[in-house]
Amino acid sequence: MKLKIGVLGLQGDVEEHIGATKLALENLGVEGEVVWVKDEEGVLSVDGLIIPGGESTVIGLLSMLGKALVAVKERALKEELPILGTCAGLIIMAKRTYDRVVGQTNQELLGIMDITVERNSFGRQKESFEVDLQIPAIGEKSFRAVFIRAPSVKEFGENVEVMAKLEDYVVGVKEGNLIGLAFHPELAEDTRVHEYFINLVQKHKSRV
Ligand code: GLN
472 MKLKIGVLGL QGDVEEHIGA TKLALENLGV EGEVVWVKDE EGVLSVDGLI
522 IPGGESTVIG LLSMLGKALV AVKERALKEE LPILGTCAGL IIMAKRTYDR
572 VVGQTNQELL GIMDITVERN SFGRQKESFE VDLQIPAIGE KSFRAVFIRA
622 PSVKEFGENV EVMAKLEDYV VGVKEGNLIG LAFHPELAED TRVHEYFINL
672 VQKHKSRV
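The numbering of the sequence shown is the working numbering, which starts it at 472 and goes up by one.
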């Protein structure tokens with residue numbers, strides 16, 4: 472079984488995610504390709520999708536991605552397409568968001584995860600930082616997580632599992648085949664998050 476994994480976007484962290492996913496496939500010995508997805512056709516062609524970081528308001532508004540986002544939403548809801556959203560990707564997957572400083576932003580959202588996400592959750596002096604995070608789902612060894620103007624999850628529905636917490640901040644969640652992370656796993660040397668996602672994609676593909 473050959474997997475096709477897409478990374479959605481027009482700029483931003485796309486290339487880093489493609490690199491990390493390729494490496495993770497290699498480490499797992501799983502056959503697959505990783506493609507840059509920019510439109511609806513691309514979204515319809517993949518077995519799993521990564522929505523990277525960037526500026527969530529911009530990602531949501533880009534008209535070229537508009538149709539692609541409609542297709543992502545449909546596939547997530549109808550086919551349970553596995554999706555990994557990181558940072559801005561997490562924000563876009565949420566049903567509800569607000570900004571810690573400016574409050575309501577009324578931005579375009581996919582609204583596929585039953586979570587409320589606070590944008591720019593960590594104060595100014597802490598805009599970017601790295602921390603050793605415990606993510607039990609990927610193993611006992613901590614993961615060196617990079618946070619950049621990161622969000623956090625403030626409320627979540629009963630079908631949402633918490634994957635990672637940083638002090639009292641929820642920074643990783645999973646709901647069915649949807650994973651949302653507040654940090655940037657593609658910037659770590661460690662490919663375990665991408666491996667975990669690939670396993671999910673593999674399981675899903677063998678079921679359908
Ligand atoms: N702060 C950004 C936003 O709210 C997200 C930052 C990121 O993806 N690194 O959209």
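No residue lacks a Cβ here, since even glycine has one placed at the ideal position from N, Cα and C.
Helix, strand or coil at residue i according to DSSP, with G and I counted as helix
i      : result
Val501 : coil
Ser599 : strand
Phe668 : helix
Val572 : coil
Leu481 : coil
Thr492 : helix
Arg620 : coil
Within 8 Å, strictly: CB atoms of residue i and residue j
i      : j      : result
Asn630 : Glu646 : yes
Leu555 : Ile521 : yes
Glu657 : Thr557 : yes
Member of the options whose CA lies at the smallest distance from the CA of residue i
i      : options                           : result
Val644 : Gly560, Glu660 and Glu657         : Gly560
Asn591 : Arg663, Ala659, Val508 and Glu526 : Glu526
Arg615 : Ile606, Ser623, Lys676 and Gly513 : Ile606
His488 : Gln673, Gly628 and Phe668         : Phe668
Phe627 : Arg620, Met584 and Leu540         : Met584
Ile619 : Asn577, Arg663, Asn498 and Leu652 : Leu652
Val514 : Ala495, Gly500, Ala547 and Arg571 : Ala547
Val572 : Val672, Val664, Gly594 and Val485 : Gly594
Glu666 : Glu502, Pro523, Lys544 and Asn498 : Asn498
Same chain, Cβ closer than 8 Å to residue i, five either side skipped, listed in chain order
i      : result
Lys538 : Asp510 and Glu511
His675 : Asp518, Gly519, Glu551, Leu552, Pro553 and Asn648
Val679 : Glu550
Beta-carbon contacts of residue i that lie in its chain and below 6 Å, excluding the five residues immediately before and after
i      : result
Val505 : Ile476, Ile489, Thr492 and Lys493
Integer Cβ distance of residue i from residue j, believed to fall under 8 Å
i      : j      : result
Val529 : Val508 : Actually they do not touch by this definition, with Cβ atoms about 17 Å apart.
Gln673 : Leu474 : 6 Å
Nonlocal neighbours in the same chain, by C-beta distance under 7 Å from residue i, ignoring five residues either side
i      : result
Glu579 : Gly531 and Leu532
Tyr640 : Ser592 and Ser623
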